[in-house]
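Under my numbering, the first residue of the sequence shown carries the number 58, and numbering increases by one thereafter.
Quick reminder that beta carbons are idealized off the backbone N, C-alpha and C, glycines included.
Read the structure below first, then the notes.
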Amino acid sequence: MGKHTRRGRKIVGILGMVGLAGGSAMMFWGPSAALASTPAMSWSVQGAKDGVTELSFYQRIDAARSQNMFYFGNQFGFTGGGAGGYIGMQPQPEDSQGARQFRVIFSSFRGDSATGHANCHGGADGSSDGVSCKTTIKGALGHTYRLQVVESGTQLTGKVIDTDTGASTVVGQWSVGAAARKISTSDVSWVERYTGPKMPPCNATTWPYYKVKFGNPTANNGALTGSMGDYAQKSSACPGALRSVHDSTGTVMMGGFKGPEDETPDPTPTSTPSNPTPTPTTKPTAPCEPAVATTE
Numbered sequence: 058m059g060k061h062t063r064r065g066r067k068i069v070g071i072l073g074m075v076g077l078a079g080g081s082a083m084m085f086w087g088p089s090a091a092l093a094s095t096p097a098m099s100w101s102v103q104g105a106k107d108g109v110t111e112l113s114f115y116q117r118i119d120a121a122r123s124q125n126m127f128y129f130g131n132q133f134g135f136t137g138g139g140a141g142g143y144i145g146m147q148p149q150p151e152d153s154q155g156a157r158q159f160r161v162i163f164s165s166f167r168g169d170s171a172t173g174h175a176n177c178h179g180g181a182d183g184s185s186d187g188v189s190c191k192t193t194i195k196g197a198l199g200h201t202y203r204l205q206v207v208e209s210g211t212q213l214t215g216k217v218i219d220t221d222t223g224a225s226t227v228v229g230q231w232s233v234g235a236a237a238r239k240i241s242t243s244d245v246s247w248v249e250r251y252t253g254p255k256m257p258p259c260n261a262t263t264w265p266y267y268k269v270k271f272g273n274p275t276a277n278n279g280a281l282t283g284s285m286g287d288y289a290q291k292s293s294a295c296p297g298a299l300r301s302v303h304d305s306t307g308t309v310m311m312g313g314f315k316g317p318e319d320e321t322p323d324p325t326p327t328s329t330p331s332n333p334t335p336t337p338t339t340k341p342t343a344p345c346e347p348a349v350a351t352t353e
């Protein structure tokens, strides 16, 4: 526990269960307060019970203020067990020219991880175990970003690819012990508010509006397709502050409250998802839970 300035959060420790897209269950790990404040969706990839060597997540941020507040993360594990890692994006303040920026995070929480990459350093979330990697990219609302994890032997590389422009950036690289084996094919994705007061009022200042699409994951360079589950958690802290729209292409999360600066229409996505469900299910849910004070 400590500062509110971390760049992402490990969800580790046995605390709760989240239903997987395929109908089974996944351990959702972390402090109990963090569990309540982090809306999660399960994901899974079919056809590789022994794990994969490449895994990709797809995120499209349609609305989010240019400030340090939210982390749109994707957690993954290893078939050999032990701690896993995550990869995700955080909206950032605009650069000096007023352009949109996103920080991309790629971290391991394993005690057998090491790194020599310039974007990375040892330790994660205040622990000496693991590795944290980050980079900042220029981007745009409405673009779809592919967050790719590639395993080659014991080396894992994280990349972010703007599928609208083709721009590809290496986030970082770290190693794991041989016991980790391959990347597992089911886990959770989530939205975390990582800055601000511990018990914020439910308003547009402390919980500004965002809208982000978590698309279905793929693996082994598109040879395998997966599914993203719907929002699974419930809360009553800020009724109506979080909604989800789920269809065959993934889950759109809409959270927080709109202020005057958020009243313009949401950006139109740059591409139309293929084969959407004719009538998606919209679920009003409830939370705007307090952020959890943790270290980087």
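Mapping the DSSP letters down to three states, classify residue i as helix, strand or coil.
{"i": "residue 84", "result": "Unreliable placement is indicated for residue 84, whose pLDDT of 42 sits below 50; the coordinate value is still reported in the next sentence. Residue 84: strand per DSSP, three-state reduction."}
{"i": "residue 107", "result": "coil"}
{"i": "residue 333", "result": "Its pLDDT being 38, under 50, residue 333 is placed unreliably in this model, and the value from its coordinates should be taken loosely. Coil at residue 333, not helix or strand."}
{"i": "residue 319", "result": "helix"}
{"i": "residue 124", "result": "coil"}
{"i": "residue 92", "result": "At residue 92, the pLDDT of 36 sits below 50, so the modelled position is not reliable; the number obtained from the coordinates is stated separately. It is helical."}
{"i": "residue 166", "result": "coil"}
{"i": "residue 295", "result": "coil"}
{"i": "residue 312", "result": "strand"}
Would residue i pass as a contact of residue j if the rule is Cβ separation under 7 Å?
{"i": "residue 205", "j": "residue 113", "result": "yes"}
{"i": "residue 391", "j": "residue 266", "result": "Residue 391 is absent from the model: the chain starts at 58 and stops at 353."}
{"i": "residue 137", "j": "residue 250", "result": "no"}
{"i": "residue 189", "j": "residue 164", "result": "yes"}
{"i": "residue 287", "j": "residue 301", "result": "yes"}
{"i": "residue 140", "j": "residue 167", "result": "yes"}
{"i": "residue 246", "j": "residue 271", "result": "yes"}
Measure the alpha-carbon distance for residue i versus residue j and round it to whole angstroms.
{"i": "residue 312", "j": "residue 124", "result": "15 Å"}
{"i": "residue 248", "j": "residue 235", "result": "31 Å"}
{"i": "residue 240", "j": "residue 111", "result": "8 Å"}
{"i": "residue 280", "j": "residue 104", "result": "9 Å"}
{"i": "residue 149", "j": "residue 159", "result": "5 Å"}
{"i": "residue 226", "j": "residue 278", "result": "17 Å"}
{"i": "residue 106", "j": "residue 135", "result": "12 Å"}
{"i": "residue 210", "j": "residue 187", "result": "18 Å"}
For residue i and chain B, any beta-carbon pair shorter than 7 Å?
{"i": "residue 161", "result": "No chain B is part of this structure, which consists of one protein chain only."}
Please report the Cβ distance between residue i and residue j, rounded to the nearest whole angstrom; I am assuming they are in contact, meaning their Cβ atoms lie under 8 Å.
{"i": "residue 215", "j": "residue 228", "result": "4 Å"}
{"i": "residue 98", "j": "residue 118", "result": "Their Cβ separation, rounded to whole angstroms, is 16 Å, which puts residue 98 and residue 118 out of contact at 8 Å."}
{"i": "residue 242", "j": "residue 108", "result": "6 Å"}
Any beta strand (DSSP E) of 3 or more consecutive residues that is wholly inside the stretch 132-163: Considered as a whole, the stretch 132-163 harbours 142-149 as its complete beta strand (DSSP E) runs of no fewer than 3 residues, in chain order.
Which ranges does the beta strand (DSSP E) cover as unbroken runs of at least 3 residues, wholly within the stretch 206-291, from first to last along the chain? Given a length threshold of 3 residues, each whole run of the beta strand (DSSP E) inside the stretch 206-291 is given here in chain order: 212-219, 225-232, 243-250, 267-272 and 281-285.
Going along the chain, which unbroken runs of the beta strand (DSSP E) with 3 or more residues stay wholly within the stretch 182-207? The qualifying runs are 184-195.
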